[in-house]
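Step one of this worksheet: look at the structure below.
2 protein chains.
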Amino acid sequence: MDRTNEILKSIGEKCTEQRRLILKAILELAKPVSADEVYEYLSDTNSVGRTTVYRTLELFEQKKLVRRVIFRDGIMRYESTHLGHHHHLICLSCGKVFPIESCTIVSLDESIIDEFDFLVTEHFLELYGYCKNCRKGEKK
Amino acid sequence: MDRTNEILKSIGEKCTEQRRLILKAILELAKPVSADEVYEYLSDTNSVGRTTVYRTLELFEQKKLVRRVIFRDGIMRYESTHLGHHHHLICLSCGKVFPIESCTIVSLDESIIDEFDFLVTEHFLELYGYCKNCRKGEKK
DNA sequence: ATCTAAATGAAACTAAATTTCATTTAGATG
DNA sequence: CATCTAAATGAAATTTAGTTTCATTTAGAT
């Protein structure tokens, strides 16, 4: 059940207890999380320092194990690339994040090279609003 | 030529020298700029403090004179809402920002209420890649 | 001209993220 | 298996963006 060792080997980096724990956390959480959230998540193990979390997430980003996502609060969050390309619905009331798997923007990426002579390599779309739960009991 | 007074009056806020200068800067720069960039832009006038720039941009955001945009570096930038709804091409090489006026996402906003029962009130799309200039002379 | 609530700005503070550097360790090598 | 070394770790210091505090100034109402 612990694929973290294999994954770390596959990116050609040392397998340390800390890296395994951080990778495990990212896979388990399966949503965008900040370095501090990962640190808190692992705080009961008492075996990973804050600095290491920051550094390891940066390493994972370089190695494409995670991608960085930034919402309106400007905090850097990371999510597993195993989740595949998707966008986010973010509730302005409760803060919950919902993934949208379908992406209708890829065609835009391609048309932009013609229209703007700009080669798009990645794009990020975030949609803000109010989720089902937070809209309950509101005046219509 | 100085509409800043009228604009400040129209939002029902005091017209101060500082607010006029900051608003003028935002209108002149006509692109997403950080508080510090506005401060630097006005540094030769020596008449606006850093704190005031931060506070005034926040006020302008509340009053919908500017909107906050956040790129991958997590720095808060603001741009005039006079520019209208649009998205951004950001060059990963030179950092230049190009606006895309057309928005093909509005229909997505609407379909999401049905599919996810989530009411979208705003969305942000940023496309990263390489602009014409920075791609010059590269191997094909 | 006077007055007052609001605006300003220097300095202190906060929070996220990065850097430094002494210590520890993975895993390569003999 | 023991040894060795470059890499990884983490506590503390530092940096940076942004916010708060509070004494002073000022817009604009009276």
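Sequences listed follow chains A and B, in order.
Counting from 409, one number per residue, gives the positions in the first sequence under our numbering.
Counting from 409, one number per residue, gives the positions in the second sequence under our numbering.
Note that CB positions come from ideal geometry on N, CA and C, so glycine has one too.
Q: State the Cα-Cα distance for the pair PHE468 of chain A and GLU425 of chain B, rounded to the nearest angstrom.
A: Looking at the two C-alpha atoms, the distance is approximately 48 Å.
**Q.** Residues, ordered as in the chain, of the stretch 513-540 of chain B that lie near chain A by beta-carbon distance below 8 Å
**A.** If the cut-off is 8 Å between Cβ atoms, the stretch 513-540 of chain B has ILE513, LEU516, ASP517, ILE520, PHE524, ASP525, PHE526, LEU527, VAL528, THR529, GLU530, HIS531, PHE532, LEU533, GLU534, LEU535, TYR536, GLY537, TYR538, CYS539, LYS540 near chain A.
Q: Assuming ALA443 of chain B and LEU465 of chain B form a contact by the criterion Cβ under 8 Å, report the distance between their Cβ atoms to the nearest whole angstrom.
A: Yes, they are in contact, since the Cβ atoms of ALA443 of chain B and LEU465 of chain B sit about 6 Å apart, within 8 Å.
Q.
So, does the stretch 477-487 of chain B touch the stretch 440-458 of chain B, judging by three or more C-beta pairs under 8 Å?
A. Yes, the stretch 477-487 of chain B is in contact with the stretch 440-458 of chain B.
**Q.** CYS499 of chain A - containing beta strand (DSSP E), residue span
**A.** Note, CYS499 of chain A: beta strand (DSSP E), 495-499.
Q. Start and end of the beta strand (DSSP E) containing LEU527 of chain B?
A. Counting along the chain, LEU527 of chain B sits inside the beta strand (DSSP E) bounded by residues 527-538.
Q. Is it right to say GLU487 of chain B is buried, meaning 16 or more other beta carbons lie within 10 angstroms of its own, or is it exposed?
A. By the neighbour-count rule (16 or more Cβ atoms within 10 Å), GLU487 of chain B is buried.
**Q.** chain B contacts made by the stretch 472-495 of chain A, where a contact means CB separation under 8 Å
**A.** Taking a C-beta cut-off of 8 Å against chain B, the contacting residues of the stretch 472-495 of chain A are ARG476, ILE478, PHE479, ARG480, GLY482, ILE483, MET484, listed in chain order.
Q: Starting from GLU523 of chain A, trace the alpha helix (DSSP H) both ways and give me its first and last residue.
A: First-last of the alpha helix (DSSP H) with GLU523 of chain A: 514-524.
Q: Determine the closest residue to HIS495 of chain B out of B:CYS511, B:ARG485, B:GLY482, with distance taken between C-alpha atoms.
A: When the alpha-carbon of HIS495 of chain B is set against those of B:CYS511, B:ARG485, B:GLY482, the nearest one is in B:CYS511.
Q | Environment of HIS490 of chain A [buried if 16+ CB atoms lie within 10 Å] | A | Counting C-beta atoms within 10 angstroms of its own C-beta, HIS490 of chain A has fewer than 16 neighbours from the protein chains shown and is therefore classed as exposed.
Q) So which of A:ILE498, A:ASP452, A:ILE513 has the shortest CA-CA distance to PRO507 of chain A? A) Per the Cα distances, A:ILE498.
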